[in-house]
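Participant:
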Amino acid sequence: MLKVGILRGREDSFPEGVLQEINKRNCGVVAEYIHVGGTSCGEPCPYSAILDRISHEVPYYQVYLKQASLQGTYVVNNPFWMNVDDKFFGYSLAQKLGIPVPKTVVLPNRAYMADITEGSLRNMWPIDWDARLAEVGLPCIMKPAFGGGWKNVYKIFTKEDAIRAYEESGYLTMTLQEFISWDDYIRCLCIGRNQARAIRYIPRPMGQGEYVQDQGVLDPQDLAKAEEYSIRFNTAIGYDMNALEFAVKDHTLYAIDITNYVCDFDQKSLKEAHFPWAVSKMADLLIEKAKGGVRNDVTANWAAYI
0 MLKVGILRGR EDSFPEGVLQ EINKRNCGVV AEYIHVGGTS CGEPCPYSAI
50 LDRISHEVPY YQVYLKQASL QGTYVVNNPF WMNVDDKFFG YSLAQKLGIP
100 VPKTVVLPNR AYMADITEGS LRNMWPIDWD ARLAEVGLPC IMKPAFGGGW
150 KNVYKIFTKE DAIRAYEESG YLTMTLQEFI SWDDYIRCLC IGRNQARAIR
200 YIPRPMGQGE YVQDQGVLDP QDLAKAEEYS IRFNTAIGYD MNALEFAVKD
250 HTLYAIDITN YVCDFDQKSL KEAHFPWAVS KMADLLIEKA KGGVRNDVTA
300 NWAAYI
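Start counting the sequence shown at 0; every next residue gets the next number (numbering that gives the first Met the number 0).
#1: Runs of 3 residues minimum, wholly inside the stretch 101 to 139: which ones carry the beta strand (DSSP E) assignment?
#2: Would you identify the three-state DSSP class for K158, choosing helix, strand or coil?
#3: Alpha carbon to alpha carbon, how far is V57 from L222?
#4: Look at the Cβ atom of Y60, then the Cβ atom of S68, and state whether they are nearer than 7 Å.
#5: In this structure, does DSSP put D51 in helix, strand or coil?
#6: Return the Cβ separation of P143 and T103 in integer angstroms, given the expectation that the two are a contact with Cβ distance under 8 Å.
#7: According to DSSP, simplified to helix, strand and coil, what is T234?
#8: Per DSSP, what are the beta-bridge partners of T174 in this structure?
#9: Should C26 go down as buried or exposed, given a rule of 16 or more other Cβ atoms within 10 Å for buried?
#10: Here's the rule: buried if 16 or more other CB atoms are within 10 angstroms of the residue's CB, otherwise exposed. What is C40?
#11: Go through the stretch 197 to 267 residue by residue and report every complete run of the alpha helix (DSSP H) that reaches 4 residues or more, in order.
#12: Quick one: using the 10 Å Cβ neighbour count with 16 as the cut-off for buried, is Y32 buried or exposed?
#13: Skipping 5 residues on each side, what residues in its chain have a beta carbon closer than 6 Å to that of K280?
#14: Buried or exposed, going by whether 16 or more other CB atoms sit within 10 Å of the CB of S119?
Put into structure tokens, the structure is as follows:
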């Protein structure tokens, strides 16, 4: 009997839903939660496929998953790719793929660890705030190149706002990004690089946004474009699980947040209109990978899609 392992964190509804969905199908694959307390070098992995929902927060799990992948287990998402990508790279890749992206600039860190001295930073020029703000326009958004959940996000109206937010950023690597005054906003769930579900999304900067339950409220042209862009991007970057956000202005979809290694699939967020879709498609993917005996790629192959 082939086994799927589920590495879960604080959430309950999605991992439990996927586990139950796989087990009720009686398809020659069983799912169970993973329990680990140390891993030996070269240790065989008992799972044909693993769903990872927490390694982004627990470094030991990252090491465990790479070891599992090395032994032939297919991990969703690819554990070798999590530590390499960043949001600025995501925008650059999307742009190469022909997906519209707001004007975006990555900035040097404001602060560094104590053992990084002036000698290590001798390549660095001071930020030309006037030039950079002119490039993206005002108002604009300042946000981290790594991270998510609307943490450390600022709306910038003046040069003084930008400098103040930058001074507060500490060790974070920040980006400046053109602000899109959108007509509509879409969050597109994507599973397996071939299944996408575009949903009107109401972002809430101070908390979890809202997925609109009626998929029919989206303009069909915008819906189709969001799903096509999402599959195109995930295929290139190598994600099997992602949620991509697009700001819609005059039927142009701008990629706003498109690299979410562990995205929100909780039942409280997706609710009855979208949660069963996510559970069913993820179960399909894990069963397919477990039966197919496939391995993770050790790197993304975006060059083939550009």
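C-beta atoms are modelled at their ideal positions from N, C-alpha and C, and glycine is treated no differently.
Facilitator: The answer reads as follows:
#1: 103 to 105
#2: helix
#3: 35 Å
#4: no
#5: strand
#6: 12 Å between Cβ atoms; not a contact.
#7: helix
#8: V105, K142
#9: exposed
#10: exposed
#11: 219 to 236
#12: exposed
#13: I190, Q194
#14: exposed
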